[in-house]
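Be aware that the sequence shown starts at 1, since it is given in full-length UniProt numbering, and climbs by one per residue. For each residue, glycine too, the CB sits at the ideal point set by N, CA and C. Structure record follows, encoded as structure tokens.
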Amino acid sequence: MNIRRVRFDHPDAVKLNDEVQAEYHVRYGDGGDATALDAADFDPPRGVYLIAYDEHGHPVATGGWRSQDHNDEGNTDGDAELKRMYVIADMRGRGLARRILTALEEDARAAGRLRMVLETGTKQPEAIALYTSSGYEPCTKFGYYRHHEESRCYAKAL
């Protein structure tokens, strides 16, 4: 696997984002994640966006983090918010998500962020299993979906 930094508006990032949004719609029936994101949110040093490519140069997994500080959506100073973790269906179960997650944690730590936070949902049990097995613990809900019953938020000190 070749993991590369790209902008969130890179064509491969857009393609994978469209795929993950379609999957969210299938799971939740709500059209996908409505959290507002901007490509600049993931520009270093305030964030990063990664894509894993297979040996043929096809994008197969993705994820990013963006800086969040104290705000009215429940974040605290020093947060790095994990966004758009996704592995294409044919490549799941090979440890790609864990590799992307580790790379994102290392990058956020190097950027001076204090904790990684994320929001997922009850209809994504494989995501919850990944995060809890990687040391994430439930935390106070934050973000766009903080008032939704199916929302689950996790955090890990960096």
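| task | Could you name the residues of the same chain whose beta carbon sits closer than 7 Å to that of His25, not counting the 5 residues immediately before and after it, in chain order? | result | The beta carbon of His25 sits closer than 7 Å to the beta carbons of Gly31 and Gly32 from its chain, once the five residues preceding and following it are set aside; these are given in chain order.
| query | Is the shortest distance between the beta-carbon of Glu119 and the beta-carbons of chain C less than 8 Å? | reply | Checking the listed chains, one finds no chain C in this structure; it contains a single protein chain.
| task | Give a yes or no on whether the C-beta atoms belonging to Arg98 and Gly121 are separated by under 8 Å. | result | It is not a contact, given that the beta carbons lie outside the stated cut-off.
| Relative to the C-alpha of Pro44, which residue among Val6, Leu158 and Asp79 is closest? | Looking at the Cα atoms, Val6 is the closest of the given residues.
| request: Report yes if the C-beta distance between Gly143 and Gly63 is below 8 Å; otherwise report no. | output: No, these two residues do not count as a Cβ contact at 8 Å.
| At what residues does the beta strand (DSSP E) containing Ser67 begin and finish? | Unbroken beta strand (DSSP E) run through Ser67: Pro59 to Gln68.
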